[in-house]
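Worksheet: the structure to be examined is printed underneath.
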Amino acid sequence: MRAVARYGVAAAIAPLIAGTLAVSPAGGAAAQDAESRGTAIAARRAAAEGIDFGDCHPAERLPAAVRCGTVDVPLDYAEPDGRRIALTVSRVPATGEPERYQGAFVYNPGGPGASSMYFPLAGTLPEWKRIARAYDLVGYAPRGVARSAPLSCQDPKEYLKAPTQSPVHPSPAEKRERRAAAKAYADGCARTMGPALRHYTSLNNARDLDVLRAALGQPRLTFMGASYGTYFGALYATLFPSHVRRMVFDSAVDPAREKIWYRSNLAQSLAFESRWADFRAWAARHDKTFGLGTTPEAVAESYERARARLAVTPAGGVVGPGQLQSAFLGTAYYDDYWQPRARALSEYLRGDEEPLIAQAAPRPGGAKDAENSNAVYTAVECNDAPWPTDWEVWDRDNTELARQAPFETWDNVWANLPCAYWSAPRQRPLEVRTKRGALPPVLILAAERDAATPYAGARELARRLKGAVLITEEDAGTHGIGGGPNGCVNAHLENYLLRGQTPVRRAACAPHPEPDPVSLDRSAARPKPPHNV
Numbered sequence: 021m022r023a024v025a026r027y028g029v030a031a032a033i034a035p036l037i038a039g040t041l042a043v044s045p046a047g048g049a050a051a052q053d054a055e056s057r058g059t060a061i062a063a064r065r066a067a068a069e070g071i072d073f074g075d076c077h078p079a080e081r082l083p084a085a086v087r088c089g090t091v092d093v094p095l096d097y098a099e100p101d102g103r104r105i106a107l108t109v110s111r112v113p114a115t116g117e118p119e120r121y122q123g124a125f126v127y128n129p130g131g132p133g134a135s136s137m138y139f140p141l142a143g144t145l146p147e148w149k150r151i152a153r154a155y156d157l158v159g160y161a162p163r164g165v166a167r168s169a170p171l172s173c174q175d176p177k178e179y180l181k182a183p184t185q186s187p188v189h190p191s192p193a194e195k196r197e198r199r200a201a202a203k204a205y206a207d208g209c210a211r212t213m214g215p216a217l218r219h220y221t222s223l224n225n226a227r228d229l230d231v232l233r234a235a236l237g238q239p240r241l242t243f244m245g246a247s248y249g250t251y252f253g254a255l256y257a258t259l260f261p262s263h264v265r266r267m268v269f270d271s272a273v274d275p276a277r278e279k280i281w282y283r284s285n286l287a288q289s290l291a292f293e294s295r296w297a298d299f300r301a302w303a304a305r306h307d308k309t310f311g312l313g314t315t316p317e318a319v320a321e322s323y324e325r326a327r328a329r330l331a332v333t334p335a336g337g338v339v340g341p342g343q344l345q346s347a348f349l350g351t352a353y354y355d356d357y358w359q360p361r362a363r364a365l366s367e368y369l370r371g372d373e374e375p376l377i378a379q380a381a382p383r384p385g386g387a388k389d390a391e392n393s394n395a396v397y398t399a400v401e402c403n404d405a406p407w408p409t410d411w412e413v414w415d416r417d418n419t420e421l422a423r424q425a426p427f428e429t430w431d432n433v434w435a436n437l438p439c440a441y442w443s444a445p446r447q448r449p450l451e452v453r454t455k456r457g458a459l460p461p462v463l464i465l466a467a468e469r470d471a472a473t474p475y476a477g478a479r480e481l482a483r484r485l486k487g488a489v490l491i492t493e494e495d496a497g498t499h500g501i502g503g504g505p506n507g508c509v510n511a512h513l514e515n516y517l518l519r520g521q522t523p524v525r526r527a528a529c530a531p532h533p534e535p536d537p538v539s540l541d542r543s544a545a546r547p548k549p550p551h552n553v
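FYI, the numbering for the sequence shown is 21 to 553, going by our numbering.
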């Protein structure tokens, strides 16, 4: 069934919906003009066709209240009448009075490689109910993700192979093995995807977002991006400032072109060390509950004892040091991981490995999704910008960094090293910047001790998007704070989305309470953090 009027826009007004486009500098002049024209053509076509929302595919595992559809976008915006790919879209209509309806609200959770198909369910949560009354909540799977022209670079069973090692200071032999694996992964991406691989980029994610806006019948876009979603959201604001109604950037990537993406990952590894220290300090304060040590250093020793034991005898045969590291990386992303991870470590050291297995073991049923997410992550980041191709540069920079930030440095290297061997063309990142008055006020949310997207990135984004307002959760480090446990942050988010109100320039919120050391595990349903943002 064709969508209701607000999503299926008549062809007669399609040009108004599509609007005008700015030119991207990420290529030659001819390519820029061709991609600009292609985006305008695709947006006009999408505005005319709308989205036919109906039952969701069983693979989405969504309740009947959520309706799903697709929007076609060009694989290559320079050839808008060439191959098209279908992006899956989900929606729950606004629940409030028609006179208070404010349109579609689109959300992206980051990655690259994450889907927001689940997002319309947020309207059932107390923090989102008032927003859900005013807006249709819209999620989607970006290009390459899930059923949106999915990418794959490796057999999913091989991707989740376990147990694995995770040396803090890898030996030359271990480095050679990892380099070979990275090259094989890059080759697998090229072999599996062929010429299409080059079109999975952040700039195309921004263009896709404009086509989705048009298909939803929105003259201007209301959007919230978290983590990596802030980066292509910033690209969107730069390319299409006149198409922006309201935009929220939650946990912002530093958009400086020289940071995309190699130096961004170096900064992230350094920040993870500080956040890992925050977790250890909290566990030490609750030594009576966990028995991991009364100082952060003692907690680190407990963790290293577990790592050494797992290197010899993996828990359940599948949880080795690599799986332990992956599980505890979650503590640097979200403090609601602190209690369950500390409890699992404590019980493992006391002889009960079951809680650790439950939290750290790979889930074979999720192998396909995990490999797909990693493939998209790799393709987008490798395509987006130049990377060092000389191993000596990686080795020098990260050997030095690991001396002060050993917790995640080398695992971050292995996640990104395929980019050293990438065969697809690299782009020159777009200079993110808007002139004063070109963009409506936008809202930036950031936690002061966020490690996945360090706070300096939020300040840099606020500087580049003229008129942006920065809301800071002080002395806190959870990654992604909008709609979370901080009432002050949520009040600013609601005032902006519902009434268009912001502080004059910036505002600060006190931190949300630290986790209760004896609380129930609330993190079981949270997806595993992406490798980067």
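A virtual CB, placed ideally from N, CA and C, is assigned to each residue, including glycine.
- The C-beta distance from ASP355 to GLY497 rounds to 7 angstroms, short enough to fall under 8 angstroms.
- Rounded to the nearest angstrom, the Cβ distance from PHE427 to ARG363 is 20 angstroms, too far for a contact under 8 angstroms.
- Taking C-alpha positions only, PRO505 is separated from ALA444 by approximately 42 angstroms.
- Comparing alpha carbon positions, the residue from VAL273, GLY337, GLY130, THR351 closest to ALA303 is THR351.
- Excluding sequence positions up to five before and after LEU513, its CB lies within less than 6 angstroms of the CB of GLY502, all in the same chain and listed in chain order.
- By the neighbour-count criterion, in which 16 or more other beta carbons inside 10 Å mark a residue as buried, ARG266 falls on the buried side.
- In this structure, the alpha-carbon of LEU376 lies about 36 angstroms from that of ILE464.
- A Cβ-Cβ distance of about 19 angstroms is found for the pair ILE151 and VAL109, leaving them out of contact under the 8 angstroms criterion.
- Going by DSSP, PHE310 is part of the alpha helix (DSSP H) stretching over 307-310.
- Less than 8 angstroms divides the Cβ of SER136 from the Cβ of TYR127.
- By the CB criterion at 8 angstroms, VAL112 and VAL93 fall outside the cutoff.
- With respect to the 8 angstroms criterion, PRO132 and TYR397 are classified as neighbours on the basis of their beta carbons.
- For ASN128, the uninterrupted beta strand (DSSP E) run begins and ends at 124-128, by DSSP.
- With distances taken between CA atoms, CYS402 lies nearest to ALA440 out of ALA440, ARG469, GLU412, LEU365.
- A check of alpha carbon separations from PHE292 across GLU468, GLY143, TRP407, ARG526 identifies GLU468 as the nearest.
- Here PRO183 is near VAL339, since their CB atoms are less than 8 angstroms apart.
- For the pair ALA488 and GLY164, the CB atoms are not nearer than the 8 angstroms cut-off.
- Cβ contact annotation for GLY249 (same chain, cutoff 7 angstroms, sequence separation greater than five): ASN128, PRO129, GLY130, in chain order.
- Contact between PRO360 and GLN345 does not hold, since their C-beta atoms are separated by about 16 angstroms, which reaches or exceeds 8 angstroms.
- Taking 8 angstroms as the cut-off, the beta carbon of LEU437 is found closer than this to the beta carbon of ARG199.
- When secondary structure is reduced to three states using DSSP, ILE377 falls in the helix class.
- No Cβ-Cβ contact shorter than 8 angstroms links SER322 with GLY336.
- For secondary structure counted as the beta strand (DSSP E) over 3 or more consecutive residues, the region 121-196 holds these complete runs in sequence order: 124-128, 156-160.
- Below 8 angstroms, too few C-beta pairs join the region 250-258 and the region 117-124 to call them touching: fewer than three.
- In the structure shown, the three-state DSSP call for ASP101 is coil.
- With respect to the C-alpha of SER172, the residue from SER56, ALA390, ASN432 having the closest C-alpha is ALA390.
- For ILE61, the secondary structure class from DSSP, reduced to helix, strand or coil, is helix.
- Sequence-distant Cβ neighbours of PRO382 in its own chain, meaning closer than 6 angstroms and more than five residues away, are LEU180, ALA182.
- Counting along the chain, ALA527 sits inside the beta strand (DSSP E) bounded by residues 526-529.
- Apart from the 5 residues on each side of it in sequence, ILE280 sits with its Cβ closer than 7 angstroms to the Cβ of ASP404, ALA405, PRO449 in its chain, given in chain order.
- Spanning the alpha carbons of ARG64 and ALA331 requires a straight line of approximately 57 angstroms.
- Going by C-alpha positions, ALA471 is about 42 angstroms away from ASP101.
- Per DSSP, LEU490 lies in no alpha helix (DSSP H) segment; the continuous beta strand (DSSP E) that holds it begins and ends at 489-493.
- The C-alpha of PHE243 is placed about 17 angstroms away from the C-alpha of ALA466.
- With a minimum length of 4 residues, the unbroken runs of alpha helix (DSSP H) contained wholly in the region 352-398 fall at 358-369, 374-380.
- Around ALA98, the same chain offers ALA51, ALA54, GLU55, GLY58 as residues with beta carbons nearer than 7 angstroms, after the five sequence neighbours per side are excluded.
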